[in-house]
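This report refers to the structure that appears directly beneath it.
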Amino acid sequence: MRQIFLLCLMLFASVAANAHSIGRSSSYWHLSDGGVKVDWNLSGAEAEALVADKLAGGMSLNAALSQYASKVMNITGEGQCSVEVEQVRVKANGDYVVSLIAPNCAASSASLSHLFESAPSHVHLAHMENGESLLSVRKPVLEFGEGTISASPVEYGGLGVFHILEGFDHLAFLLALLIAVRTVKALFWCVTGFTLGHSLTLILGSLGVLDPIPEVVEPLIAFTIAFTVIERALHVAEKPGKVFAGALMFVGALAIADYLLLQTLPLLVWAGIGLLSYCVWGAAMEAEEKQPRYMLPIVTLGFGLLHGFGFYGVLSEIGLPQTDTIWALLGFNVGVEIGQLIFLGAVLAVVWMLDKLVKEARPVLELATSVGLVMVGMFWFAERVYLG
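Under the numbering used here, think of the first position of the sequence shown as 4, with each following residue one higher.
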């Protein structure tokens, strides 16, 4: 039991701090023979993360961001190409815009290597008059040239792979699925439902058909992790009724606290959470052979719709190229699928090795992972409801 507890603590500590470590920003470049003007857009959270050391030293966020931005935008060309910060402003949604100018510079290129040195996982989309370029630690230099350019679907595919492997809440849900289903066939249908769901909302959100509310979507993504593991726990628990009642009471307590204190999630959302939990968890207490085979795939389809909005959040902060938009979107989606397969393949390989080498370790690890996932999922859920 001590080993199980330690494993849970290790899992909890390793991922509870942050579900997404990938950084995102974008910029808009205006070039002329007489100079350069650039507007750098980034979220408030990303701005604070990039200048955290300066904030710890007592510097204001605006001053710290201004100092940092002047180092990030390293422009080369003919003339005086040293940049200066014109202004730092905060938009109504809390995002920051840093406006920089190099008034006497005929720019040929710009390097953002300082940004990627301080934040290696950062991804940046530069918008220019002749197209867009996706920059990262592997491609830190922006070239200004003639003719139309566009960030390629392959680059967005790499972004999709990188995002899914950095998105710990999405990986935790996939791990929960591996615990919840017991056969390869069932896993195939569950993953298929999840893929269809997140592909649909990712595409509809990116094309502007749907406009999700992050304050609602992000807590629900976290809830899907704990929900899926609890569904499996009810199958194997000696006293499933107590697990069922305890889980419902915990969700009910969170709902009451939110309603009385913050009202982050609408009552309709809480009602939906409660109804879904009651129906699916209640059905899970029956013998597995009595379970409708389509129940879990349908649930994962619905959960996929939520996770798709999470993937859309990445693209909305970076942006899609104005040309080849559909191809870039499909590239990102394919990248997400490749990332999922890499993760699932790695986990299944570990499970296979455990079965071959130390069979008695697998049940212990599965139990520890299950408990850890419930802890992490409910922690993220509560954190995103109460702390935003």
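Here a beta-carbon is modelled for each residue, glycine too, at the ideal position from N, C-alpha and C. Keep in mind the model is a prediction, meaning the values are calculated, not measured.
Close CB contacts of Ser-69 within its chain, under the 8 Å cut and outside five residues either way in sequence, are with Val-88, Val-91, Val-101 (chain order). The DSSP-derived three-state label of Thr-328 is helix.
Under the DSSP definition of a beta bridge, Cys-108 partners with Gly-82. With respect to the 9 Å criterion, Leu-118 and Pro-143 are classified as neighbours on the basis of their beta carbons. Residues Leu-251, Val-254, Gly-255, Ala-258 of the same chain have their beta carbon placed closer than 8 Å to that of Gly-277, with the five preceding and five following residues left out of the count. Between the segment 193-204 and the segment 331-350, the count of C-beta pairs closer than 8 Å reaches three or more; the two stretches touch. Under the three-state reduction of DSSP, Met-298 is assigned to helix.
Looking at the backbone, the Cα of Thr-79 and that of Ser-63 are separated by about 29 Å. If you draw a straight line from the Cα of Leu-368 to the Cα of Pro-243, it is about 21 Å long. Contact check between the segment 235-249 and the segment 325-338: fewer than three CB pairs, one atom from each, fall below 8 Å, which does not count as touching.
A straight-line Cα-Cα distance of about 26 Å links Val-212 and Val-388. If you draw a straight line from the Cα of Val-220 to the Cα of Trp-273, it comes to about 12 Å. The C-alpha of Phe-312 lies about 13 Å from the C-alpha of Asp-172. DSSP places Lys-40 in the strand class (E or B) of the three-state scheme. Of all C-beta pairs linking the segment 132-146 to the segment 303-310, fewer than three are shorter than 8 Å, placing the two stretches out of contact. Between Gly-380 and Ile-228, the gap from beta carbon to beta carbon is short of 9 Å. Under the three-state reduction of DSSP output, His-127 falls in the strand class. Per DSSP, the continuous beta strand (DSSP E) segment holding Gly-134 begins and ends at 134-138.
In the displayed model, Ala-95 falls within coil according to three-state DSSP, outside both helix and strand. Taking Pro-123 as the centre and dropping the five residues before and after it, the same chain places the C-beta of Val-140 closer than 7 Å to its C-beta, in chain order.
In summary, Cys-108 is buried, with 16 or more beta-carbon neighbours lying within 10 Å of its beta-carbon over all protein chains present. Around the beta carbon of Arg-235, 16 or more other beta carbons sit within 10 angstroms, so the residue counts as buried. Counted as a single uninterrupted DSSP element, the beta strand (DSSP E) harbouring Glu-146 occupies residues 144-146. Annotated as distal: Lys-57 and Leu-103, with beta-carbon spacing of 9 Å or more. Checking the DSSP bridge columns, you'll see Arg-185 has no partner listed. Between the C-alpha atoms of Gly-316 and Leu-128 there is a straight-line separation of about 14 Å. Residue pairing from DSSP places Tyr-31 in a beta bridge opposite Asp-42, His-130. Spatial neighbours of Gly-97 in its own chain (CB-CB distance under 6 Å, excluding positions within 5 residues in sequence) are listed in chain order as Gly-47.
The residue from Lys-74, Gly-348, Ala-95 with its alpha-carbon nearest to that of Ser-85 is Lys-74. Within a 10 Å sphere around the beta-carbon of His-125 sit 16 or more other beta-carbons, which makes this residue buried. The beta-carbon separation of Ile-182 and Ser-30, rounded to 42 Å, does not stay under the 8 Å limit for a contact. In this chain, the alpha helix (DSSP H) harbouring Lys-245 covers 243-264. DSSP, read as helix, strand or coil, puts Ala-274 in helix. For Thr-227, the enclosing alpha helix (DSSP H) starts and ends at 217-239.
Glu-87 has Ile-104 as its beta-bridge partners, per DSSP. It is roughly 48 Å from the alpha-carbon of Tyr-99 to the alpha-carbon of Trp-355.
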